[in-house]
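Each protein sequence line maps, in turn, to chains R and U.
Counting from 1 along the first sequence, just add 13 to a position and that's the residue number in the numbering used here.
So that you can map any letter, position 25 of the second sequence is 15 in the numbering used here, and since no number is skipped, the others follow by simple counting.
Each residue gets a CB set at the ideal place from its N, CA and C atoms; glycine is no exception.
Since the model is a prediction, treat every value here as computed from it, not as a measurement.
Okay, structure first, notes after.
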Amino acid sequence: MSFLNGVTLLLIYQLAGEISVMLLRIPVPGPVLGMIMLFLTLMLRGRSSESLDGASSALLSHLSLLFVPAGVGMMVHFDRIVTEWLPIGVALVLSTVITMVVTALVMSGGNRLLSYRAKKDA
Amino acid sequence: MPEPDLPTIWVYLSASPLLGLTITLVAYSLAYRLYLYSNSHPLLNPVVTAVGVLIVFLLATGTPYEAYFEGGQFIHFLLGPATVALAIPLYKQGANLKKLWLPLSVALITGVTVGGLSSVLIARLLGASVQTQMSLAPKSVTAPVAMGISEKIGGLPSLTAVLVVVTGIIGAVLGTKLFALMRLRDDAVKGIAMGVAAHGIGTARAFQVSSQMGAFSGLAMALSAFLTAVILPWLLDLIGLFG
């Protein structure tokens, strides 16, 4: 029963997210807004619940299963992948490496700045 | 009543959602077992194996994707509630969030911007079609969110799903080597870079290194999913104007 409560709550937040996105015309997927609303609720409430934890870990522990049906949809795009394999492949590898390097540099730079300021204040 | 021979049974089954649903679960659990058996080798990512097996099966039996998706949609539907469920691990990282919010938000905004724009620009430079560029743009974000973004900006959600998985594998394979090359020591920094670039598949890899790196990677993955959904459509509008 408690698992059911958790799933129901997730669906209610998703539904609220979808409806708000449509009403307010924000260019964000409905479930993402639902996630933000649930996150804010948890912050305000100060704790999560057992049923919510159970439902969330059940869904997230097999997250990769959930994108299999969409991935199989690749069979519809075979022609595109064959003709555009070079730009797709290069863009994926280069952009992933660039993203990791830039994020790591900015984060460690920011950390250094923070500890420098903390030292100066002390 | 006609004699129930194999072709008749097949005609019945291929029209029912039961088959698509069942073969998805069977293919995934076999793929997952293979993945565990290989000590979680990133190239044997269960999504890749399961998708490959299913495509071969559908092509061999001449089943169109639409017929398969009649059953697959039940699993596909769960992507929505799973996205909402990301709020819980994010909430549990609350203490880290409070401590690091300033450098973290600067790093995330930069990472998300660079990731989205670089993939579109590289693909555009090498002559990819606009639809492919748009399908590539949200590649670093966890699949359910990436597919939603792709749909909004005029990409192909199913192509995006595949590109997201491939991106995750690239990040998981190259990430740790790259961080060693950059001489990074801080697991928090490494985890954040991994989560921004390579979402859940990168996060799974980060947990193998240390639980701290995994937690930060998960945090970065959830936050960058949200940021990308907000920033990316607007950014692409911008380069659409200047490109």
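Within 8 Å, strictly: CB atoms of residue i and residue j
i	j	result
U/Val155	R/Phe80	yes
U/Val74	R/Met48	yes
U/Pro71	R/Leu76	no
U/Gly208	R/Met113	no
U/Pro7	U/Tyr18	no
U/Thr132	U/His189	yes
U/Gly185	U/Ala210	yes
U/Leu68	U/Ala212	no
R/Gly78	U/Ile65	A small fix is needed here, since residue 78 of chain R is Leu in this sequence, not Gly. Yes. Within cutoff.
U/Ile143	U/Pro223	yes
U/Val120	R/Ala117	no
U/Ile159	U/Ala97	no
Alpha-carbon spacing of residue i relative to residue j, whole angstroms
i	j	result
R/Thr54	U/Val135	20 Å
U/Gln63	R/Pro82	7 Å
R/Val103	U/Leu126	11 Å
U/Ala219	U/Gly192	19 Å
U/Leu225	R/Tyr26	28 Å
U/Leu174	R/Val110	15 Å
R/Glu31	U/Gly145	20 Å
R/Leu17	U/Ala196	31 Å
U/Phe59	U/Thr53	10 Å
U/Trp0	U/Pro147	30 Å
R/Val34	U/Leu(-4)	48 Å
U/Ser130	U/Ser140	12 Å
R/Thr21	R/Leu28	10 Å
U/His31	U/Tyr25	6 Å
U/Leu116	R/Pro100	5 Å
Option nearest residue i by Cα separation, candidates the options
i	options	result
R/Gly107	U/Thr157, U/Ala50, U/Val179	One detail in the question is off: residue 107 of chain R reads as Leu in this sequence, not Gly. The option with the nearest alpha carbon to R/Leu107 is U/Thr157.
U/Gly84	R/Leu57, R/Leu23, R/Val115, R/Leu22	R/Leu57
U/Gly138	R/Asp66, R/Thr96, R/Val45	R/Val45
R/Ser69	R/Arg125, R/Ser15, R/Arg130, R/Asn124	R/Ser15
R/Val41	U/Ile221, U/Ser28, U/Ile65, U/Tyr58	U/Ile221
U/Val152	R/Gly67, R/Val20, R/Val85	R/Val85
U/Leu33	U/Gly185, U/Val163, U/Leu87, U/Phe216	U/Val163
R/Glu63	R/Gly19, R/Val95, R/Leu23	R/Gly19
R/Val115	U/Ala205, U/Val104, U/Val43	U/Val104
U/Val38	U/Ala21, U/Leu87, U/Gln202	U/Ala21
U/Ala187	U/Ala215, U/Gln198, U/Leu3	U/Ala215
Continuous alpha helix (DSSP H) stretch holding residue i: start and end
i	result
U/Gln83	Here U/Gln83 belongs to no alpha helix (DSSP H), and DSSP marks it neither H nor E.
U/Gly165	147 to 171
R/Thr54	43 to 58
R/Leu65	63 to 74
U/Leu126	120 to 126
U/Glu141	133 to 143
R/Met88	It is not in any alpha helix (DSSP H) - R/Met88 carries neither H nor E in the DSSP assignment.
U/Arg235	Summary: the structure shown does not reach residue 235 of chain U, with chain U confined to residues -9 through 233, and so no result is reported for it.
U/Pro36	36 to 51
R/Leu36	15 to 37
beta-carbon residue i near the ligand MN non-hydrogen atom, thresh 7 Å
i	result
U/Val74	With respect to the ligand MN, the structure shown offers nothing to examine, as it has no ligands at all.
Query raised in the report: Does the count of Cβ pairs from the stretch 82 to 98 of chain U and the stretch 116 to 127 of chain R closer than 8 Å reach three?
Result: With the cut-off at 8 Å, the stretch 82 to 98 of chain U and the stretch 116 to 127 of chain R touch.
Query raised in the report: Do the stretch 96 to 113 of chain U and the stretch 168 to 177 of chain U meet, that is, are 3 or more Cβ pairs less than 8 Å apart?
Result: With the rule of 3 Cβ pairs closer than 8 Å, the stretch 96 to 113 of chain U does not count as touching the stretch 168 to 177 of chain U.
Report task. Tell me, please, whether the stretch 12 to 30 of chain U touches the stretch 41 to 51 of chain U by the rule of three or more beta-carbon pairs shorter than 8 Å. Result -> A contact exists between the stretch 12 to 30 of chain U and the stretch 41 to 51 of chain U.
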